[in-house]
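The structure appears below as structure tokens.
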Amino acid sequence: MALMGQMMAMPLLISSLIQHAARHSGETEIVSKRCEGDLHRYTWRDAERRSRQVAQALGRLGLSPGDRVATLAWNGYRHLELYYGSSGSGLVCHTINPRLFPEQIIWISQDANDKVLCFDLGFLPLVEKLSAQLPGIQHYVLMSDRAHMPAASSIPNLLCYEELVEAEDGHYCWPEFDENTASSICYTSGTTGHPKGAVYSHRSSVLHAYGSALPDAMDCSSKDVILPVVPMFHVNAWGLPYSSAIVGAKLVFPGPHLDGKSLYELFETEGVTFSAGVPTVWLGLLTYVKSNGLKFSSFKRTVIGGSACPPAMLASLMDDFGVEVIHAWGMTELSPLGTLSKLTSKQLALPVEQQRRILEKQGKVIFGIDMAVINDEGQALPWDAQSSGNLVVRGHWVISSYFGEQRSPLVAVDGQPGWFPTGDVATIDADGFMQITDRSKDVIKSGGEWISSIDLENIAMAHPAVHEAAAIACAHPKWDERPLLVVVKKPDAQVTREELLAFFEGRIAKWQIPDDVAFVAEIPHTATGKIQKLKLREQFKSYRLPSA
Ligand code: AMP
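Under the numbering used here, think of the first position of the sequence shown as 25, with each following residue one higher.
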């Protein structure tokens, strides 16, 4: 019989992260630019105490373990307290992307069965518009103080966050429970059909925090001042609220102030050393810094991911500003980090030009994630930097199924089941560096946010002059991708580009409206009648959008 290990089976719980930070980095600051406009400062010790008060307050609202606490909020200390106060007490933190169209927010909130909705001051008008269609929400909490509460509001049971917190004494012990308990849920519209929920566990979140802080990953330490530009509603700000707690780093939250000037000022006044975000935000920051002849005095390195990092951006940050760029790939389904590109000791000896080609790749897996590229028959392809195939992954922080779905999304590799198909197409080189070459999933990613091509096509097809429509991603220098609508008109029907684009207004979020319309005689189809998106993308490869 096997000899069993005799080590303690202490569950990996999210509450242990903030307890650790409070005990060992208690004095370290958390600075937040508030929605109210001012700067708020306190410490990890304060954050832990207030998270306990949040846990008490949520309990007093009558929530039971497993209930979902939704947030519509920017990066800030109150959002952090909700992360820990909800998950830490056995509730499930559901961060909703406020940039989605109201109908999508309603659908997602109902699907998740949210019981409480906590939101920032700036989202008051949005929540007032939505609340009548969210019958499942029992309590609405405005994340501000009494002074900022509206005199009157159509929202039923509107509660004040600060009042709820201050009413509690903080005498609360973080409960211990199974580490496989759900901790948070994030929705992704990165696939076809309705958005899908990825439910993370305490175990997966703690392991992700451990793994992502490693030197060859994000390399976080107590000496860092970390400013997550990536929103806390985008896959938990790539885990930074957790990994910062593990290492005891200072955290700086920009709130809704994400323009180049505001970010630069915060970077400088708070001594930010490390940041993370999608390429589009760096474009704004770099434009501001360059056009004002500025330099960074403390900023050392940044993770760029969510979309491919343009080589010119990587070069500019590294050469003009001495900021190390760590190109990363991840997905909501991985909570999110999978690979990061950091040179190995062998590669440090290579000429700079060769190093750049490596750093431009999406990189190597963090321990805890396995990857493979496979052909359409499920056979693993060689790691030769040439063989391009469907990227599949498995690991401690990869979902095994979507929330509420019976059907397993997993596939087999060489007959071995249990791999998650990412919908990305990639190569892997002999050193294990993965490079995304295409995407088999039918979506458009603009500035790090998804646009469903199906939604766009459905709207276009509702126009009386449209016979057939296909929405495809078109390369864009600022947003990486923007939607182009390819349309076949009905015989004898008349419609202009402007009329078609105007038809989208009010039917979808403004930023999701296609940038342009291309009228064609025919759209290519497969033998089974499906639109051949890959072929269409190829056809429009050199198409230049008017906005580009
Ligand atoms: P999300 O679930 O919104 O985080 O989106 C995940 C998807 O974004 C991936 O499956 C890729 O298609 C894309 N993506 C993420 N990071 C990168 C990257 N560094 N380069 C290219 N595509 C990326």
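From the three backbone atoms N, C-alpha and C, an ideal C-beta is built for every residue, glycine too.
Where PHE291 is concerned, the enclosing alpha helix (DSSP H) starts and stops at 284 to 294. Annotation for ASP70: the continuous alpha helix (DSSP H) segment containing it runs 68 to 84.
In this structure, DSSP gives ILE130 a helical state, which the three-state scheme calls helix. When secondary structure is reduced to three states using DSSP, SER229 falls in the helix class. Rounded to the nearest whole angstrom, the C-alpha separation of THR212 and ASP462 is 19 Å. GLU203 and ILE38 have their alpha carbons spaced roughly 9 Å apart. Fully contained in the segment 519 to 567 are the following beta strand (DSSP E) runs of length 3 or more, in chain order: 540 to 543. At least one heavy atom of the ligand AMP is found less than 7 Å from the C-beta of GLN386. Note: ARG325 is bridge-paired with PHE298, GLU348 in the DSSP secondary-structure output. Just so you know, the alpha carbons of GLY354 and GLY330 end up roughly 7 Å apart. Distance from the C-beta of ALA300 to the nearest heavy atom of the ligand AMP is not below 7 Å. Assignment of GLU505 by DSSP, reduced to helix, strand and coil, places it in the strand class. Note on geometry: alpha-carbon atoms of ARG102 and GLN556 lie some 46 Å from one another. Annotation: the continuous beta strand (DSSP E) that includes ILE209 extends over 206 to 212. Between MET242 and VAL327, the CB-CB gap stays under 8 Å. The beta carbon of ARG123 sits closer than 8 Å to those of GLU473, ALA533, TRP535, all from its chain and outside the five residues before and after it, given in chain order.
Bounds of any alpha helix (DSSP H) do not take in THR119; it lies within the beta strand (DSSP E) bounded by 116 to 119. For GLN459, DSSP records a beta bridge to THR451. With respect to the 8 Å criterion, TRP443 and VAL437 are classified as neighbours on the basis of their beta carbons. Each residue's CA atom was taken as its position, placing PHE528 and PRO149 some 22 Å apart. Of the residues SER425, PRO334, TRP407, PRO441, the one whose Cα lies closest to the Cα of GLY471 is PRO334. In this model, PHE298 and TYR234 are separated by some 17 Å (Cα to Cα). Closest by C-alpha distance to SER225, out of LYS274, LEU115, LEU158, VAL151, is LEU115. Taking 8 Å as the cut-off, the Cβ atoms of SER49 and GLY272 count as close.
Between HIS500 and SER571, the C-beta gap is smaller than 8 Å, which places the two residues in contact. Bridge partners of VAL511 according to DSSP: ALA493, PHE543.
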